[in-house]
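Participant: First, the structure itself, so that you have it in front of you.
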Amino acid sequence: MTQVNLQNVRTLRQQIIAETSHGSTDWELVQKLLDDLMINHRQYKQFAIKENISLYS
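In our numbering, the protein residues as written are 114 to 170.
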């Protein structure tokens with residue numbers, strides 16, 4: 114599950130960058146992507162702390 118969270122964080126980050134890099138940004142989509150990013154980040158962070166591993170290494 115944590116690998117899924119980590120991959121989701123990376124994918125969502127790329128989607129946010131792509132969506133905001135042009136003039137016609139869909140801010141509702143960006144907000145949804147940010148919400149999803151935070152959920153996956155929190156889940157990954159909780160696992161990393163529990164397993165005593167560094168984040169995003």
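Built from N, CA and C at the ideal position, the CB exists for glycine as well.
From LEU119 to HIS154, what does the alpha carbon distance come to, in whole angstroms?
Facilitator: Their Cα atoms are separated by approximately 7 Å.
Participant: Here's the rule I'm using: 16 or more other beta-carbon atoms within 10 Å means buried, otherwise exposed. How should VAL117 be labelled?
Facilitator: Its Cβ having fewer than 16 others within 10 Å, VAL117 is exposed.
Participant: Can you tell me whether LEU147 is buried or exposed? The criterion is at least 16 other CB atoms within 10 Å of its CB, across all chains shown.
Facilitator: The residue in question, LEU147, is exposed, as its Cβ has fewer than 16 Cβ neighbours within 10 Å.
Participant: What distance in whole Å lies between the Cβ atoms of TYR157 and THR115, which are believed to be in contact at a cut-off of 8 Å?
Facilitator: Indeed, because the Cβ distance is near 6 Å, the residues count as touching under 8 Å.
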